[in-house]
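First the structure, in the form of structure tokens, and then the observations on it.
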């Protein structure tokens with residue numbers, strides 16, 4: 036800094052906050068020199084001449100805060116010389132960073148005149164980081180410092196908690212009268228529901244370079260994951276309109292990241308929003324959080340003027356719904372429920388109406404949809420946790436935490452019960468919340484979720500990281516904010532459980548060899564066919580569907596039965612499926628796709644059949660026997676697996692080859708009957 040005359044009796048000892056700014060030093064008309072803070076104070080009380088007169092007490096206070104902040108930053112090497120570049124809001128952010136021990140990140144800054152644009156970009160990034168975290172960046176750093184200290188000390192985040200089996204667990208048998216009674220109630224409530232998908236990631240981990248919502252759910256149709264979700268929403272709208280005799284439009288929110296936003300928008304726009312209205316769909320952009328370089332929560336820098344960032348986790352969806360005012364707006368519109376589900380498991384919605392009915396009948400503030408899990412299986416579990424202080428919650432407990440937690444209470448750990456499964460059901464990341472209570476909790480917390488940190492240390496001293504770390508939060512940890520008595524669990528059979536597509540083909544093969552669910556593209560696809568086939572078995576009057584047989588792909592062995600795809604427009608609920616379905620016999624290797632208002636009487640299929648009724652059309656097929664060459668799943672050759680085949684096939688290890696198919700399709704509105712090979716219109 037250039038040398039300036041000493042301030043006359045100033046508490047700042049003559050140090051000027053920022054010599055390059057207009058307010059840095061004021062020269063009184065009598066020629067004496069004061070630093071800006073001293074002069075600001077004096078001009079309020081002197082009845083002589085002023086350089087400019089104060090106009091508003093609030094402005095004086097604001098100026099005072101800024102000047103005090105600038106003076107406090109005078110000792111920050113690298114920043115003090117550049118304070119003249121900063122707007123008032125950035126001065127406050129700089130002071131906050133300094134207060135949180137971040138002075139070191141400015142040490143390498145160039146002198147004024149060099150890199151000034153990058154310095155302004157730095158504070159633009161800081162403003163973004165500050166505005167996208169409840170309580171601001173300072174709060175983020177304080178939370179991180181506390182969790183990092185606990186991590187360095189080896190603290191157990193579950194210390195003081197005792198696990199037990201959730202009490203309010205409902206197990207409706209799919210296709211049973213109880214199940215369909217819940218579905219009927221759910222169909223009455225679905226018009227008041229909102230749907231939320233926290234879809235932040237790309238499919239690169241799978242070997243797929245698009246957004247995961249663009250993955251084919253299966254190869255027979257081959258419909259994309261988001262296409263299936265939108266088809267269910269359209270079917271639910273139709274059910275709601277029949278119940279209420281009024282127009283229904285269900286809102287869908289998708290949380291995207293900077294990596295996926297453009298891809299998701301393109302997917303929707305290029306496919307006409309898969310039949311939804313554009314106004315129904317909202318994309319919320321999730322910002323990343325600051326990466327941390329050390330155990331003292333020092334910001335990790337990428338160069339001199341950019342903070343490294345990392346994803347914060349899908350728990351950010353709650354903050355976004357709150358900060359954007361969406362949850363409150365839904366409530367004002369009279370909506371009552373909100374469903375959260377993730378982005379690669381299309382089976383969520385096959386049982387959703389039943390789950391919603393469970394929530395409505397039992398007045399659940401939160402309903403956790405779960406599935407059976409084997410003891411020690413590498414799947415998160417749902418447990419009731421009671422703290423030594425008496426607090427009780429229902430929450431997801433990761434599989435590697437459950438075993439030691441159970442043993443710490445003196446038990447045998449996680450062991451299978453008489454039914455062959457652990458008493459602790461598996462988490463599927465599907466949650467239904469009562470919207471009024473959900474909004475109330477958001478307003479109490481500002482959307483702040485419980486967080487954790489998982490640094491990878493270089494050695495046993497637990498002081499240095501292998502790579503920068505960050506705070507994380509999970510969507511399902513909203514449950515930790517609720518009392519246990521307001522949370523229920525609805526558990527479905529494995530056939531309707533959690534089969535995401537999240538592992539690449541090599542990882543899936545390794546996990547399959549270890550006897551662990553592979554959660555790859557092949558297993559996710561097989562689960563779709565198996566679930567629909569199981570619906571035929573459970574709901575059809577005397578249906579016979581061939582049992583699955585073992586197939587072997589690059590991704591490991593896979594049980595594969597008849598490839599059945601029942602579109603939501605045909606089977607939005609078990610009750611609708613029963614109404615439209617007679618006796619169905621599917622032989623081994625068969626492929627069946629049914630879409631629209633189709634009524635099947637007696638069907639025998641040995642081959643491939645596609646039956647489609649367009650919007651406004653009803654198609655009756657009283658009796659049909661189909662025998663043709665059908666289709667088959669064929670393993671990729673080495674050359675295809677190495678790169679000749681498209682990515683959506685390589686992540687599976689096979690392709691679907693259709694040799695011959697019988698197709699019955701009507702597109703125009705009306706009532707049709709297909710009998711003896713002839714289509715007639717009533």
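Residue numbers (the numbering used here): 36 to 717.
Idealized CB from N, CA, C, for every residue including glycine.
Buried versus exposed call for residue i [16 or more other C-beta atoms within 10 Å across all chains shown]
i           : result
residue 482 : buried
residue 692 : exposed
residue 564 : buried
residue 525 : buried
residue 446 : exposed
residue 607 : buried
residue 222 : buried
residue 192 : exposed
residue 184 : exposed
residue 205 : buried
residue 367 : exposed
residue 78  : In this prediction, residue 78 has a pLDDT of 33, which is less than 50 and means its spatial position is unreliable; what the coordinates show is noted afterwards. Answer is buried; the Cβ neighbour count reaches 16.
residue 713 : exposed
residue 194 : exposed
residue 743 : Coverage of the chain is limited to positions 36 through 717, which leaves residue 743 absent and any answer about it impossible.
residue 323 : buried
residue 263 : buried
residue 694 : exposed
residue 385 : buried
residue 251 : buried
residue 218 : buried
residue 247 : buried
residue 717 : exposed
residue 669 : exposed
residue 715 : exposed
residue 410 : buried
residue 470 : buried
Proximity below 8 Å, CB of residue i to CB of residue j
i           : j           : result
residue 430 : residue 220 : no
residue 523 : residue 397 : yes
residue 642 : residue 661 : yes
residue 529 : residue 362 : no
residue 373 : residue 600 : no
residue 321 : residue 355 : yes
residue 198 : residue 441 : yes
residue 460 : residue 416 : yes
residue 180 : residue 325 : no
residue 651 : residue 704 : yes
residue 655 : residue 707 : yes
residue 507 : residue 347 : yes
residue 553 : residue 543 : yes
residue 144 : residue 154 : yes
residue 486 : residue 182 : yes
Limits of the beta strand (DSSP E) - the one that residue i falls within
i           : result
residue 630 : 626-630
residue 686 : Neither: residue 686 is in no beta strand (DSSP E) and is coded neither H nor E.
residue 608 : Where residue 608 is concerned, there is no enclosing beta strand (DSSP E), given that its DSSP letter is neither H nor E.
residue 668 : 666-670
residue 198 : 196-199
residue 327 : 327-329
residue 437 : Careful: residue 437 lies outside any beta strand (DSSP E), inside the alpha helix (DSSP H) at 434-443.
residue 302 : Element bounds for residue 302: not the beta strand (DSSP E) but the alpha helix (DSSP H), 296-305.
residue 577 : From DSSP, residue 577 is part of no beta strand (DSSP E); its letter is neither H nor E.
residue 316 : 316-321
residue 714 : 713-716
Start and end residues, alpha helix (DSSP H) containing residue i
i           : result
residue 480 : 470-480
residue 131 : 123-134
residue 181 : 171-187
residue 161 : 151-166
Per DSSP, cross-strand counterpart(s) of residue i
i           : result
residue 594 : 585
residue 700 : 647
residue 705 : 652
residue 637 : 618, 658
residue 114 : Residue 114 pairs with nothing; no bridge assigned.
residue 467 : 374, 402
residue 461 : 406, 416
residue 431 : 417
residue 334 : 327
Short CB-CB distance (under 8 Å) between residue i and chain C
i           : result
residue 664 : Among the protein chains of the structure shown there is no chain C, as only one such chain exists.
Taking only runs that begin and end inside the segment 206-291, name each unbroken beta strand (DSSP E) of 3 or more residues, in chain order. 228-233, all fully within the segment 206-291.
In chain order, which continuous runs of the beta strand (DSSP E) of length 3 or greater are located wholly inside the segment 341-428? Qualifying beta strand (DSSP E) stretches, in chain order: 372-375, 401-406, 416-422.
For the segment 480-562, which segments carrying the alpha helix (DSSP H) assignment without a break, of at least 4 residues, lie completely within its bounds, in sequence order? For the segment 480-562, whole alpha helix (DSSP H) runs of length 4 or above, ordered along the chain, are 540-548.
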